[in-house]
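Note that the sequence shown covers residues 25 to 248 in this note's numbering. All C-beta atoms in this analysis are idealised placements derived from N, C-alpha and C, irrespective of residue type, glycine included. What follows is a short report on a single structure.
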Amino acid sequence: MKLFADTADLRELTDLEEMGLLAGITTNPSIASKEGPDVIATITALANRFPTIPVLAQVVAVQKEEILEEAKKIGNAGENVAVKIPATLEGVKAIRTLKELGIKTCATTVLTSAQAMLCAHAGASYVAPYTGQNDCIGYHGLDTLREIANVFANADYHTEILAASIEKPQEFVDYALNGADITTAPYHVFVDVFRMPMPLTQHYIDNFYADWTANKAYLKESRR
């Protein structure tokens with residue numbers, strides 16, 4: 025399973041790159057706007073800084089023609105840019121047209137297996153089930169993710185499943201076990217994987233150091 029970072033902050037992305045954890049970048053209008061008022065400039069900067077990995081950026085338009093106009097501008101930000109399109113009736117029309125134009129898309133705000141299936145039929149390069157949000161509204165996000173993975177395994181789709189909305193470290197594992205090709209998470213969740221167990225991890229580190237120090241002192245004394 026590949027790991028994408030849900031951030032447009034260059035410092036966070038560079039840190040994840042240094043750790044070898046960055047296989048792609050996801051943004052949305054809220055995330056991109058935090059880095060400056062010109063969202064296209066932000067996406068272009070990301071695409072230029074990380075040219076070998078996918079950068080996903082979302083439209084704000086809701087009608088097909090407006091979606092297409094905005095998607096073309098986003099797509100021009102870099103060869104590695106894919107356009108996130110909401111999984112709506114107007115959105116799926118735009119996904120089909122953009123497929124024909126050679127622009128990669130990600131169907132986002134996916135909440136059901138049927139949405140994912142039809143968006144894949146339309147030609148989406150990625151589908152992004154909101155696995156975490158599904159739980160918040162009374163559905164079982166992992167069940168939906170597993171259904172999508174089972175459907176895709178038995179179909180001739182060229183579509184990757186990008187499970188979205190990780191909020192807890194263990195969800196990296198949960199999403200991988202339930203069929204996600206990719207998962208995306210905010211920077212702080214990557215950090216929490218190592219930070220949250222730290223009290224116990226530090227306990228073991230301290231014990232190792234104490235044993236090593238005691239053994240070193242013993243050997244030094246025994247040589248006298």
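From which residue to which residue does the beta strand (DSSP E) around Q87 run?
Unbroken run through Q87: none, as it is neither H nor E.
Does Q139 pass the burial test, meaning 16 or more other C-beta atoms within 10 Å, or should it be called exposed?
Buried, since its Cβ has 16 or more Cβ neighbours within 10 Å.
Take every Cβ of the segment 188-197, pair it with every Cβ of the segment 171-180, and state whether three or more of those distances are shorter than 8 Å.
The segment 188-197 vs the segment 171-180: no contact.
Report the partner residues of K108 according to the DSSP bridge assignment.
In the DSSP output, where bridge partners are listed per residue, K108 has Q82, C130.
How would you call G48, buried or exposed, if buried means at least 16 neighbouring beta carbons within 10 angstroms?
Classification for G48: buried.
Compare the C-alpha of F218 against each of T207, M25, A234, F196 and name the closest.
F218 has its Cα closest to that of F196, out of T207, M25, A234, F196.
Going by other Cβ atoms of all chains shown within 10 Å of its Cβ, with 16 needed for buried, is V84 buried or exposed?
Result: exposed.
Using CA coordinates, which residue listed in L142, V116, I206, A148 is at the minimum distance from R126?
First, the residue type needs correcting, since residue 126 is Gly and not Arg in the sequence shown. Among L142, V116, I206, A148, the Cα nearest to that of G126 is on A148.
Let me check one thing: in DSSP terms, what residues is A187 bridge-paired to?
In the DSSP output, where bridge partners are listed per residue, A187 has T207.
Please report the distance separating the alpha-carbon of L46 from that of K26.
Looking at the two C-alpha atoms, the distance is approximately 8 Å.
Would you identify the three-state DSSP class for D216, choosing helix, strand or coil?
DSSP places D216 in helix when its eight states are reduced to three.
Just mark Q82 as buried or exposed, buried being the case when its beta carbon has 16 or more other beta carbons within 10 Å.
Counting Cβ neighbours within 10 Å, Q82 comes out buried, since at least 16 surround it.
Give me the residue from I119, Y199, G102 with the minimum Cα distance to L70.
Answer by Cα proximity: G102.
Taking 8 Å as the cut-off, decide whether the C-beta atoms of T38 and I55 are in contact.
No, the Cβ-Cβ distance between T38 and I55 is not below 8 Å.
Which residue wins for smallest C-alpha separation from H164, given the options A111, D198, A131, C143?
Answer by Cα proximity: D198.
Can you look up D180 in the DSSP assignment and give me helix, strand or coil?
It is coil, neither helix nor strand.
Ends of the beta strand (DSSP E) at A152?
A152 -> beta strand (DSSP E) spans 150-153.
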